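Quick note: the sequence shown uses this note's numbering, first residue 7, plus one each step. Using N, Cα and C, we set each Cβ at its ideal position, and we do this for glycine too. Here the structure is a predicted model, which is why all the values come from computation and not from measurement.
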Amino acid sequence: MKIPHEAIPQHKKGFMLQEMDGEMLLYHTAEVTTTYLNPSAVVIWQLCDGQLTVQAIIDELAQRFPDAADLSQDVVTTLQDFLSRDLVELTWLNSDE
7 MKIPHEAIPQ
17 HKKGFMLQEM
27 DGEMLLYHTA
37 EVTTTYLNPS
47 AVVIWQLCDG
57 QLTVQAIIDE
67 LAQRFPDAAD
77 LSQDVVTTLQ
87 DFLSRDLVEL
97 TWLNSDE
């Protein structure tokens, strides 16, 4: 699935981010499942607040990590992974889309 940069990713309900033994895990309270997140995925997850567009997330990360290469593709790939695991949903400012 191609993710438009104007899409707004938002966490699906029921997930909690928890640290366990130095690892960051997403825990789904109803389904009792866990998903490991690497450090960059944690930052992207935290920015999927339902307020920022994909482009705004990329821009924010570019400010935090100015030397990072392929940042845009990394964000899109991570969001595609989140979508395939049913961790986030996409919305748009324009409800016609």
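Limits of the unbroken alpha helix (DSSP H) element including residue i
i   : result
Q16 : Here Q16 belongs to no alpha helix (DSSP H); instead the beta strand (DSSP E) covers 14-17.
Span of the beta strand (DSSP E), counted from its first residue to its last, around residue i
i   : result
L23 : 21-26
L53 : Premise fails: L53 lies in the alpha helix (DSSP H), 45-53, not in any beta strand (DSSP E).
M7  : Note, M7: premise wrong, no beta strand (DSSP E); not H, not E.
Of the residues the options, the one placed nearest residue i, counting alpha carbons only
i   : options           : result
L31 : L58, L93, G56     : L93
V49 : I9, T35, D65, A36 : D65
M22 : K8, T40, P15, M7  : T40
H11 : K19, H17, I63     : I63
Backbone secondary structure at residue i - three-state DSSP
i    : result
E66  : helix
D87  : helix
V94  : strand
L58  : coil
L109 : Residue 109 is absent from the structure shown; the chain starts at 7 and stops at 103.
Residue i vs residue j beta-carbon contact at 8 Å
i   : j   : result
A13 : W98 : yes
D73 : Q16 : no
S46 : D76 : no
Any non-hydrogen atom of the ligand SAH closer than 7 Å to residue i Cβ
i   : result
L43 : Absence of the ligand SAH is noted for the structure shown, with no ligands found whatsoever.
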